[in-house]
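Structure record follows, encoded as structure tokens.
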Amino acid sequence: MIDVMKFVNWFRVKSNAQMRQFDFADELTQMKVMKLLYYVQGTSLAVYNEKAFPENIIAWKYGPAVEVVHNHFVGKRGIVGEITSGDLADYQEIEANSKMASVVHAVQEAFGDKSAIELMNQTHAERPWIETRQSGIIDPELMRDFFRTELVNNNG
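Numbering-wise, the sequence shown is residues 1482 to 1637 according to the working numbering.
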């Protein structure tokens, strides 16, 4: 498993590159990265039967969240900021891990162009969110089973 903040930094580096390339690109927000992390974890569980990162996904009011990420960016909406050599090293570490690179690229491709609100609404309509009490830990087995079903339905 890889530290969750390395995944956050992968998405931050990706967002920074998009903002440099496209005038219309929005800065990655804390709310959006939380949903992307949920999809990273669910995809990893479904495809590889293993967690991408050790932290739990919590069913918060505005959708799935990772508490340590929230605490790191508390009070911030946009989270890209300045990209450091450490952020780039985290990006490269994930890119060098073939399993995790395939997961983050699939998540970015499927959900990267959606807004935080669209992703919140989407996660609120999915079984892992619906079946978890508010502020409870979303069961990784529930995520795995849900995402396996979704992957089969969307690819087969």
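Think of the CB as a built atom: it goes at the ideal place given N, C-alpha and C, for glycine as much as any other residue.
From a predicted model like this one, the values you see are computed outputs, not experimental measurements.
For residue i, count neighbouring C-beta atoms within 10 Å of its own C-beta (all shown protein chains included) and say buried if the count is 16 or more, exposed if not.
i: Asn1490; result: buried
i: Ala1606; result: exposed
i: Thr1630; result: exposed
i: Gly1617; result: exposed
i: Asp1568; result: buried
i: Val1628; result: Residue identity check: residue 1628 is Phe in the sequence provided, not Val. Its Cβ being crowded by 16 or more others within 10 Å, Phe1628 is buried.
i: Val1494; result: buried
i: Phe1503; result: exposed
i: Lys1532; result: buried
Apart from the five residues on each side of it in sequence, which residues of its chain come closer than 8 angstroms, Cβ to Cβ, to residue i?
i: Met1486; result: Val1549, Val1550, His1553, Asp1571
i: Asn1497; result: Val1561, Ile1564
Let's see if you can read the secondary structure: which residues bound the beta strand (DSSP E) around residue i?
i: Ala1527; result: Per DSSP, Ala1527 belongs to no beta strand (DSSP E); it is in the alpha helix (DSSP H), 1511-1529.
i: Ala1498; result: From DSSP, Ala1498 is part of no beta strand (DSSP E) but of the alpha helix (DSSP H) over 1485-1502.
i: Ile1539; result: 1539-1541
i: Pro1545; result: 1544-1546
Who are the near neighbours of residue i in its chain, counting only those whose CB is closer than 7 angstroms to its CB and skipping five residues on each side?
i: Leu1517; result: Phe1492, Val1588, Phe1592
i: Lys1580; result: Tyr1529
i: Thr1524; result: Val1584, Ala1587, Val1588, Phe1628
i: Glu1508; result: Ser1496, Met1500, Gly1559, Val1561
Excluding the five sequence neighbours on either side, which residues of its own chain have a C-beta within less than 6 angstroms of the C-beta of residue i, listed in chain order?
i: Glu1622; result: none
i: Pro1609; result: Ile1619, Leu1623, Met1624, Phe1627
i: Thr1613; result: Ala1540, Ile1619
Would you please state the rounded distance, in angstroms, between the beta carbons of residue i and residue j? I believe it to be under 8 angstroms.
i: Val1521; j: Val1584; result: 6 angstroms
i: Ala1546; j: Met1515; result: 5 angstroms
Runs of 3 residues minimum, wholly inside the segment 1548-1630: which ones carry the beta strand (DSSP E) assignment? none
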